[in-house]
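Have a look at the structure below before the remarks.
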């Protein structure tokens, strides 16, 4: 995992864990369970790209994403019968988008870096709509390179930061306007002012966001800080995208779509357990009680998976109208697209 | 794309409209990144680099084993300086992904690490390491110079003692090696187009003195032109040093005004100027 190990004693871990298992949970920074940390975001920071964004979280972590597009000839085996057109597009859509994640201090073929990149890629391509945007005609398509840079040292698990930055960069991505028609060689308008957004402002489709959610006890906590992640019983990466809907009415709101859910191995599993007073040789008590039994207030690394009810609760909280995903997407809508 | 250098002799103006001794716009910021010990952002024309520095900190296992880029043999008594240059895929006009093991990138890293190992007072931090991450967001010539300047600013931001600034810039000559005209002018601060066409060198000096800390030349050039280029380069470094110094001073004044740092009795700087 791409986090620096949190240096907390078993007693501190137990304290944080018990305050986060209360109902409602008490977080060390005073947030409510669905509240996000404040962030600053800007787009269009790199004039040499088709779209770019920079996001800083309040804990100082910072990421920059640049999107570059290239024209590529679609492979010949794709030219099949007309009715197969849709299916043929889907076959190649995976390699039309290339995502590279750079995390300082880690090799780019490090398992955790590759896993991060794949999670973002999966979320992006999970709904089939994205590949369709890159389709120019039957012979050519856009090839999109997403370079995701973590600038700061990886203090907390960078998935939400990278995902939000990628979201903004894709929103700001513009492609030149196509002038040619049909299957001829593509010709583009060289006026950048006439270029078109990859995600049009008018339609409701939005690129996916991946939220990091942790479960502690029966509580579901969004956007965990690194201390909270250190005591998490399970951590999930939930990807949500706003689907395109034909008629958007104000009261109906956006149509959210769950793209993927992935378990992330929480760092809490690597923490050493605490020793209860009853069994500690330091307090002079005779070692009694069974090994591995949990004692109230004594830290023990969590084992096992996530309860189904919790998983259900997480998805409910994300997808419901006015829920977390709605709130985040509304917040990101406020960022001006350069 | 080859550059048509023949137009230079007509108006004595370069492709971007500068004269021979003019620097591009140099814009710098320090303390751009809250989570790092030292950080900076530097633009030299369209070359944009970001530097994030952590340390001096305890060495981790991998650094202890591979003391390659530290530059010092007696690594236990001094701090080792590890430099990581990350050239973003979107930095050039055509996207090009460079791996970690790219030879050019490694050479940049080693040059920067060696330079700073000799300038930073590493003996004050035994058993520790200073890691410098340099992100190239956009590259348009004078890359090594920009990286050296950004690293200097980040080291100063982190408060790591060093003997003086490292100020760097490039210098070139208006005609290539084969064209042996004697009227070739030296040029200051080349961009990518000029770098591809003309012989150039990167020079870094220690502060505004004439002491050269880095001299790097990868192109063929006539030795009679070297002196002229070097003089122009060193002169450019002095200008760069002035600009870097101003950035640091402005930030310092701002931090004292905001109360982030206490005003000291020994301060010679006049805040009201």
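Chains as they are written, first to last, in my numbering: chain A, 1 to 338; chain B, 1001 to 1273. Idealized CB from N, CA, C, for every residue including glycine. All of these numbers come straight from a predicted model, not from anything done at the bench.
For residue 10 of chain A, the uninterrupted alpha helix (DSSP H) run begins and ends at 10 to 20, by DSSP. DSSP links residue 67 of chain A through a beta bridge to A/51 and A/146.
At least one beta carbon of chain A lies nearer than 8 Å to the beta carbon of residue 1050 of chain B. In terms of CA proximity to residue 1169 of chain B, B/1215 leads the group B/1162, B/1193 and B/1215. Beta-carbon to beta-carbon, residue 1115 of chain B and residue 1166 of chain B are separated by about 6 Å, close enough to satisfy the 8 Å threshold. Rounded to the nearest whole angstrom, the CA to CA distance from residue 1093 of chain B to residue 48 of chain A is 7 Å.
One alpha carbon belongs to residue 203 of chain A, the other to residue 244 of chain A, and they sit about 7 Å apart.
Judged by DSSP secondary structure, residue 1029 of chain B falls outside any alpha helix (DSSP H) and instead within the beta strand (DSSP E) spanning 1026 to 1030. DSSP places residue 1043 of chain B within a strand segment (E or B) once states are collapsed to three. Per DSSP, residue 1252 of chain B is one residue of the alpha helix (DSSP H) stretching across 1223 to 1257. Taking residue 35 of chain A as the centre and dropping the five residues before and after it, the same chain places the C-beta of 222 and 223 closer than 8 Å to its C-beta, in chain order. In the DSSP assignment, residue 98 of chain A falls within the unbroken beta strand (DSSP E) covering 97 to 102. The C-beta of residue 48 of chain A comes closer than 8 Å to at least one C-beta of chain B.
Annotation for residue 295 of chain A: no alpha helix (DSSP H) segment contains it, and DSSP assigns it neither H nor E. Only those residues of the stretch 1017 to 1048 of chain B whose C-beta falls short of 7 Å from the nearest C-beta of chain A are listed: 1033, 1034, 1035 and 1036. Within the same chain, 2, 61, 63, 103, 116 and 150 come within 8 Å of residue 158 of chain A by CB-CB distance, once the 5 residues on both sides are set aside.
With its beta carbon less than 8 Å from one in chain A, residue 1090 of chain B belongs to the interface. Collapsing the DSSP output to three states places residue 1200 of chain B in a strand. At least 8 Å separates the beta-carbon of residue 148 of chain A from that of residue 238 of chain A. Classified as exposed, residue 1027 of chain B has fewer than 16 neighbouring CB atoms from the shown chains inside 10 Å of its CB. Put simply, the backbone Cα of residue 200 of chain A is about 20 Å away from that of residue 45 of chain A. Listed along the chain, the chain B residues whose CB falls inside 8 Å of the CB of residue 158 of chain A amount to none; the nearest CB is some 11 Å away.
For the pair of segments examined, the stretch 1127 to 1138 of chain B was found to touch the stretch 1079 to 1097 of chain B: the number of CB pairs separated by less than 8 Å reaches three. Note that the C-beta distance between residue 67 of chain A and residue 50 of chain A is below 8 Å. Here DSSP, grouped into helix, strand and coil, assigns residue 192 of chain A to helix.
Check the Cα spacing between residue 129 of chain A and each of A/206, A/305 and A/40: the tightest is with A/206. In the structure shown, the three-state DSSP call for residue 119 of chain A is helix.
In terms of beta-carbon proximity, residue 153 of chain A lines the interface with chain B, with at least one pair separated by less than 8 Å. Taking each of B/1084, B/1040, B/1031 and B/1096 in turn and checking the Cα distance to residue 1260 of chain B, the smallest one comes out for B/1031. Counting C-beta pairs with one atom in each stretch, the stretch 1220 to 1239 of chain B and the stretch 1047 to 1054 of chain B have fewer than three that are closer than 8 Å, which means they do not touch. Between residue 1095 of chain B and chain A, the shortest Cβ-Cβ separation is below 8 Å. Unbroken alpha helix (DSSP H) stretches of 4 residues or longer found wholly inside the stretch 152 to 178 of chain A: 159 to 171, given in chain order. Under the criterion of beta carbons closer than 8 Å, residue 1033 of chain B and residue 152 of chain A qualify as touching, at roughly 6 Å. Here DSSP, grouped into helix, strand and coil, assigns residue 1060 of chain B to coil. Residue 217 of chain A and residue 232 of chain A have their C-alpha atoms spaced approximately 9 Å apart. Contact between residue 1087 of chain B and residue 1098 of chain B holds: CB atoms are separated by about 5 Å, below the 8 Å threshold.
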